[in-house]
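Q: Before we start, here is the structure in question, set down as structure tokens.
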Amino acid sequence: MFVSVGCSLFADNPTEITRHKGGSVLFPCSCSDLHTKPQRFTWESDRTGRLTEVLNDEHYRDRHQLFNHISPANLSLFISDLREEDQGVYRCSTEKDHRDIRLYVKGCELVKTGVERVTVFTGESVVLPCVCTDLQDKPKSVKWEFSLPAIGIRHFQEIYPEQTGRHRNRVKLVSNNAPGNLSLLISDLTEEDQGLYRCSVQDDSRDVRLSVKVGRREPSQPPQSKTTNSPPASSSTTLEQDKQQTHSSLPPGGRCGEDVITEGHQDCEGKPEDRTEPDRVTFCTK
1 MFVSVGCSLF ADNPTEITRH KGGSVLFPCS CSDLHTKPQR FTWESDRTGR LTEVLNDEHY
61 RDRHQLFNHI SPANLSLFIS DLREEDQGVY RCSTEKDHRD IRLYVKGCEL VKTGVERVTV
121 FTGESVVLPC VCTDLQDKPK SVKWEFSLPA IGIRHFQEIY PEQTGRHRNR VKLVSNNAPG
181 NLSLLISDLT EEDQGLYRCS VQDDSRDVRL SVKVGRREPS QPPQSKTTNS PPASSSTTLE
241 QDKQQTHSSL PPGGRCGEDV ITEGHQDCEG KPEDRTEPDR VTFCTK
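Its first residue numbered 1, the sequence shown is counted upward by one per residue in the UniProt record's numbering.
This is the structure we're talking about:
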């Protein structure tokens, strides 16, 4: 009778896993027989170009965790605080078998809208937009470059983080709590700042075309006046016309009083009139 000894690995595992920088990942690996305890097992990674052991690598210090102390057949590997350089193939091996899983670590992917065009005036400041699709992604590095608007020729010169030429001491990243916001602030603009700007992170980039006009921006239109409860102008005109008609219809020697609001008043014969609502009236004497 033949008895199989050792740990044969469970075959139904993913071959690729994608995670974000700063996140965590669980590489599943277990013996097909959960009651089996492997004689030995290792985790290796090719992040350096060749397979090296993970568990004793200083690169993963305080970032990895195993679970075989809870279940001897569970050889899964957990890695936290992922870095872009963690990307690569991870191999779980026992005395009988091995499984490979490729890890992709996504860093900052820039929002793309084609070449964005921004127009400003001399003396103003401007923010050139550049953001990661996930604002919590912090790129390993960011670079801004500038090229003069020459026809058919693009010669880019770095202006951030290394500040050179006319941009020295006039550029900085917008400061906020979103690590994925890489937008550039340029102050005290001149005509010479006009041109093409490129924001780059790792293997990704986007362009912004800046136009600088001489002069001052036209003042904005004054805000619309607030709505009030006053009657429209036509109401006053109509009221004056009514009063003139009343005067002209009086017999000689008569007079007309001003319009008043009353809760109740007497008619021309001295009898009170009952009214449930205030009304506008005109009293006359002969």
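For glycine and all other residues, C-beta sits at the position ideal for the given N, C-alpha and C. Every value quoted in this text rests on a predicted model; they were computed, and no experiment measured them.
Run through the segment 5-39 for me and flag every whole beta strand (DSSP E) of 3 or more residues, listed as ranges in chain order.
A: 16-20 and 25-27
Q: Would you kindly work out how many angstroms separate the C-alpha atoms of GLN39 and ALA73, rounded to a whole number?
A: Spanning the two alpha carbons is a distance of roughly 11 Å.
Q: If you draw a straight line from the C-alpha of PRO222 to the C-alpha of LEU110, how long is it?
A: Note on PRO222: pLDDT 38, under 50, position unreliable in the model; the coordinate value appears next. One alpha carbon belongs to PRO222, the other to LEU110, and they sit about 38 Å apart.
Q: Need the endpoints of the beta strand (DSSP E) that GLY88 sits in, please.
A: 88-94
Q: Excluding the 5 residues flanking ARG170 on each side, which residues of the same chain have their C-beta closer than 7 Å to its C-beta?
A: ILE186, SER187 and ASP188
Q: Spatial neighbours of ASP62 within its chain, please: CB distance less than 6 Å, with the 5 preceding and 5 following residues excluded, ordered by chain position.
A: Counting only Cβ-Cβ distances below 6 Å, and skipping sequence neighbours, we find nothing.
Q: Using DSSP with H/G/I as helix, E/B as strand and the rest coil, what is GLY107?
A: coil
Q: In whole angstroms, what is the alpha-carbon distance linking GLY107 and GLU145?
A: 21 Å
Q: Compute the Euclidean distance between the alpha carbons of GLN245 and ARG216, then round it to the nearest angstrom.
A: Since pLDDT at GLN245 reaches only 45, below the 50 mark, its modelled position is unreliable, and the value read off the structure follows with that caveat. For GLN245 and ARG216, the distance between alpha carbons rounds to 56 Å.
Q: Check whether the Cβ atoms of LEU55 and CYS29 lie closer than 8 Å to each other.
A: no
Q: Report the three-state DSSP secondary structure of GLN57 (helix, strand or coil).
A: Correcting the residue type first, residue 57 is Asp in the shown sequence and not Gln. Secondary structure of ASP57 (DSSP, three-state): coil.
Q: Near residue 291, what residues of its chain come up, given a Cβ to Cβ distance below 7 Å and the 5 sequence neighbours on each side ignored?
A: An answer regarding residue 291 cannot be provided, because it is not within the stretch 1 to 286 covered by the chain.
Q: Put ARG170 into one of helix, strand or coil per three-state DSSP.
A: Secondary structure at ARG170: coil, using DSSP grouped into helix, strand and coil.
Q: Let me check one thing: in DSSP terms, what residues is residue 296 bridge-paired to?
A: The requested residue 296 is not part of the displayed model; the chain covers only 1 to 286.
Q: May I ask you to report which of helix, strand or coil DSSP gives GLU158?
A: strand
Q: Which residues does DSSP pair with VAL127 in a beta bridge?
A: DSSP lists LEU185 as partners of VAL127.
Q: In its own chain, which residues sit with a C-beta less than 6 Å from the C-beta of GLY114, not counting the 5 before and 5 after it?
A: Same-chain partners within the cutoff: there are none.
Q: I'd like to know whether the C-beta atoms of GLU191 and THR122 end up nearer to each other than 8 Å.
A: yes
Q: So what's GLU145 in DSSP terms, helix, strand or just coil?
A: strand
Q: Measuring alpha carbon to alpha carbon, tell me which residue in GLU85, ARG91, VAL131 and HIS98 is nearest VAL174.
A: With distances taken between Cα atoms, VAL174 lies closest to VAL131.
Q: Start and end of the beta strand (DSSP E) containing GLN65?
A: 64-66
Q: What's the C-alpha gap between VAL120 and ILE159?
A: 19 Å
Q: For the beta strand (DSSP E) that SER45 lies in, which residues bound it at each end?
A: 41-45
Q: Does the beta-carbon distance from ARG47 to GLU85 come in below 8 Å?
A: It is a contact, given that the beta carbons lie within the stated cut-off.
Q: Quick one: Cα of THR164 to Cα of GLN157, how far?
A: 8 Å
Q: Candidates VAL208, ASP203 and ASP204: which alpha carbon is nearest TYR197's?
A: VAL208
Q: Between THR18 and GLN136, what straight-line distance do the alpha-carbon atoms span, to the nearest angstrom?
A: 16 Å
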